[in-house]
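A.B. asks: Residue 4 is where the sequence shown starts when you use this note's numbering, and the numbers rise one by one after that.
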Amino acid sequence: MPKLIGKATTVVEHDGLTISELAGGVATKEDVISIAKVTVTKPTSEPWLTLLTDERMCVIKGKVEFHYYDDDDNQQLQVLTATAGDTVLVSKGERFRPVFPDGDTEYIPVCTPAFTPDRCIREDSEETKNVAERLQKLHKKKKAVVEPSEKLYHMCQKSAWEEAVAAGKAYYPPTFEEDGFFTHATAVPVRLIGTANHFYTSVPGDWICIELSYSTLKDKAGIITQFEEAKPVGSTKVSEEFENWICPHIFGGIPSHIEGVVTNTFPMKRDDKGNYLCIEGLTD
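Right, dumping it as structure tokens:
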């Protein structure tokens with residue numbers, strides 16, 4: 004027989020954007036699906052997002068622009084525009100930014116499995132950090148099972164990586180054993196800039212960002228990656244900014260000699276004081 008299972012709950016209210024969850028981890032305490040109603044009253048945008056769920060966004064009023072970069076061309080911004088009556092699928096692992104150029108917009112997002120903060124990687128600014136903090140509080144009673152991202156990113160000294168490649172061996176970061184026999188990584192490359200500036204400004208020389216394949220590490224190299232909370236690097240603790248992050252930890256080195264593990268490399272740009280500015284071709 005039909006039964007009431009929950010009640011609409013406002014989970015986000017920021018800068019003209021209101022999200023009311025109708026079903027999911029907060030409104031109905033379930034993990035299979037989440038449904039919400041989003042109302043936008045003025046021109047605004049969300050930060051860049053990478054979902055670890057599939058999300059269908061059904062526009063019922065106004066216009067939504069989906070900003071993204073092609074897999075084959077990280078330098079060219081693409082825009083998909085959806086208007087009233089359109090439904091857009093954002094697949095798991097895709098990085099995008101919802102932009103609302105006109106305001107006066109409503110849409111229904113449906114996530115499978117349900118939305119949780121652990122399944123949505125947000126590239127928040129100082130102005131939007133409070134949104135992420137509120138979402139963490141609302142969901143803190145339920146720990147989600149995080150599904151993996153296919154693309155992983157690790158930064159290292161260029162000279163150390165080239166030495167491993169030349170020798171046809173696996174690369175291991177300097178703190179590999181001290182950290183617990185794993186290699187730090189991220190699914191959100193822009194986070195490497197803040198991480199580098201927290202841990203590595205005193206380390207001289209050229210640095211690079213290595214793009215890795217999660218599935219090839221697992222299937223060809225037998226290396227498991229776990230998605231869990233951020234952890235210290237050597238004796239340096241994580242920044243408070245990183246405490247809500249879910250990070251991929253690769254339990255092994257990076258085998259430079261196995262085809263398909265490394266899918267790309269990008270130089271990291273620094274200033275004359277050693278600060279990291281961007282990953283060229285990826286975050287600039």
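For every residue, glycine included, the Cβ atom is placed at its ideal position computed from N, Cα and C.
How long is the line joining the alpha carbons of residue 12 and residue 84, rounded to whole angstroms?
C.D. replies: Approximately 28 Å between the Cα atoms of the pair.
A.B. asks: Kindly indicate which residue of 119, 209, 51 and 140 has the alpha-carbon position closest to the one of residue 278.
C.D. replies: Ranking the options by Cα distance to residue 278, first place goes to 209.
A.B. asks: Is it the case that the CB of residue 49 approaches a heavy atom of the ligand ADP more closely than 7 Å?
C.D. replies: As far as ligands go, the structure on display features none, and thus does not contain the ligand ADP.
A.B. asks: Quick check for students: name the residue ranges of the beta strand (DSSP E) that lie wholly in the stretch 194-270, counting only runs of 3 or more.
C.D. replies: With a minimum length of 3 residues, the continuous beta strand (DSSP E) runs that stay inside the stretch 194-270 are 210-216, 228-232 and 249-253.
A.B. asks: For residue 236 and residue 182, what's the separation of their Cα atoms in angstroms?
C.D. replies: So the two alpha carbons sit approximately 6 Å from each other.
A.B. asks: Taking the runs of the beta strand (DSSP E) that are 3 residues or longer, which of them lie wholly in the stretch 21-109?
C.D. replies: Within the stretch 21-109, the complete beta strand (DSSP E) runs of at least 3 residues are 37-43, 52-54, 57-64, 66-73, 76-86, 90-93 and 98-103.
A.B. asks: When we look at the beta-carbon of residue 146 and count the other beta-carbons within 10 Å, is it buried (16 or more) or exposed?
C.D. replies: Bear in mind that a pLDDT of 49 at residue 146, under 50, signals an unreliable position, so the number given afterwards is only what the model happens to contain. Residue 146 should be labelled exposed.
A.B. asks: Assign residue 121 to buried or exposed, taking buried as 16 or more other Cβ atoms, counted over all protein chains shown, within 10 Å of its Cβ.
C.D. replies: The residue is buried, with at least 16 neighbouring Cβ atoms inside 10 Å.
A.B. asks: For the stretch 212-232 against the stretch 245-261, are there 3 or more C-beta pairs whose distance is under 8 Å?
C.D. replies: These segments touch.
A.B. asks: Could you spell out where the alpha helix (DSSP H) holding residue 168 opens and where it closes?
C.D. replies: Its alpha helix (DSSP H) spans residues 161-170.
A.B. asks: Under the three-state reduction of DSSP, which class applies to residue 120: helix, strand or coil?
C.D. replies: Correct three-state label for residue 120: helix.
A.B. asks: According to DSSP, what are the bridge partners of residue 16?
C.D. replies: According to DSSP, residue 16 bridges with 21.
A.B. asks: Return the Cβ separation of residue 249 and residue 188 in integer angstroms, given the expectation that the two are a contact with Cβ distance under 8 Å.
C.D. replies: Between residue 188 and residue 249 the Cβ distance is about 12 Å, and since that is not below 8 Å, they are no contact.
A.B. asks: Using C-beta distances below 7 Å, list every residue in its chain close to residue 168, excluding the 5 sequence neighbours before and after it, in chain order.
C.D. replies: The answer, listed in chain order, is 259.
A.B. asks: Are residue 137 and residue 52 closer than 8 Å when you measure CB to CB?
C.D. replies: Cβ atoms of residue 137 and residue 52: not closer than 8 Å.
A.B. asks: For residue 47, which residues of its own chain have a beta-carbon under 6 Å away from its beta-carbon, when the five flanking residues on both sides are left out?
C.D. replies: Excluding sequence neighbours, residue 47 sits near 18, 19, 20 and 103.
A.B. asks: Any contact of the stretch 265-273 with the stretch 222-235, i.e. 3+ C-beta pairs under 8 Å?
C.D. replies: Flag = no, the stretch 265-273 and the stretch 222-235 do not touch.
A.B. asks: Here's the rule I'm using: 16 or more other beta-carbon atoms within 10 Å means buried, otherwise exposed. How should residue 37 be labelled?
C.D. replies: Counting Cβ neighbours within 10 Å, residue 37 comes out buried, since at least 16 surround it.
A.B. asks: Would you mind sorting residue 8 into buried or exposed? The rule is 16 or more other CB atoms within 10 Å of its CB.
C.D. replies: So residue 8 counts as exposed.
A.B. asks: Classify residue 170 as buried or exposed, calling it buried when 16 or more other Cβ atoms lie within 10 Å of its own Cβ.
C.D. replies: Looking at its Cβ environment, which holds fewer than 16 other Cβ atoms inside 10 Å, residue 170 is exposed.
A.B. asks: Closest to residue 73 by C-alpha separation, out of 223, 62, 82 and 54, would be which residue?
C.D. replies: Comparing Cα positions, the closest option is 82.
A.B. asks: With a threshold of 16 other CB atoms inside 10 Å of the CB of residue 28, please say whether the residue is buried or exposed.
C.D. replies: The residue is buried, with at least 16 neighbouring Cβ atoms inside 10 Å.
A.B. asks: Looking only at C-alpha atoms, which of 247, 219, 221 and 178 sits nearest to residue 203?
C.D. replies: Cα-wise, what sits closest to residue 203 is 178.
A.B. asks: Taking its Cβ as the centre, do 16 or more other Cβ atoms sit within 10 Å of residue 10, making it buried, or is it exposed?
C.D. replies: The residue is exposed, with fewer than 16 neighbouring Cβ atoms inside 10 Å.
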